[in-house]
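J.: All residue numbers for the sequence shown refer to my numbering, where the first residue is 385 and numbers rise by one.
This is the structure, below, for whatever I ask next.
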Amino acid sequence: MTLAEAQIGKEYRIKEIDTNDEELNTFLFSLGCYSGEPITVISRRKSGCVVSIKDGRYNIDRPLAEAIQI
385 MTLAEAQIGK EYRIKEIDTN DEELNTFLFS LGCYSGEPIT VISRRKSGCV
435 VSIKDGRYNI DRPLAEAIQI
């Protein structure tokens, strides 16, 4: 299942991030978004969703949400 399909308010664990962009992987790692970390979808928008990772909230666009496997 991908983050784009996740239920709002339920905590999930990231299994993997399926992207070939090394710069994007490095950026996500700096946010705390990597395998094994908990992630929660707080709300959905047309362009993506707002997620909680560690102590931060971030807006994730739809293509990236589909690349995050939970």
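Don't be surprised by glycine CBs; every beta carbon is placed ideally from N, CA and C.
Quick one: any contact between the stretch 435–449 and the stretch 408–418, if contact means 3 or more CB pairs under 8 Å?
T.: Flag = yes, the stretch 435–449 and the stretch 408–418 touch.
J.: Using a threshold of 8 Å, state whether the C-beta atoms of I437 and E450 are closer than that.
T.: Numbered from its first residue, the sequence shown carries residue 437 at position 53. Numbered from its first residue, the sequence shown carries residue 450 at position 66. No; because the gap between Cβ atoms is not below 8 Å, this pair is not in contact.
J.: With DSSP run on the structure shown, which of helix, strand or coil describes S427?
T.: The count along the sequence shown starts at 1 and reaches residue 427 at position 43. Looking at S427 - three-state DSSP - the assignment turns out to be strand.
J.: So, I452 versus I398, is the Cβ gap smaller than 8 Å?
T.: One-based indexing of the sequence shown puts residue 452 at position 68. One-based indexing of the sequence shown puts residue 398 at position 14. In contact: I452 and I398 (Cβ atoms closer than 8 Å).
J.: Does T410 come out as helix, strand or coil in the three-state DSSP assignment?
T.: Residue mapping note: residue 410 aligns to position 26 of the sequence shown, counting from 1. Note: T410 maps to helix in three-state DSSP.
J.: Using the three-state DSSP reduction, which class does E400 fall into: helix, strand or coil?
T.: Within the sequence shown, the letter at position 16 stands for residue 400. The answer is strand: DSSP assigns E400 an E or B state.
J.: Taking the alpha-carbon positions, what's the A388 to T403 distance?
T.: Here residue 388 refers to the residue found at position 4 of the sequence shown. Here residue 403 refers to the residue found at position 19 of the sequence shown. Approximately 15 Å between the Cα atoms of the pair.
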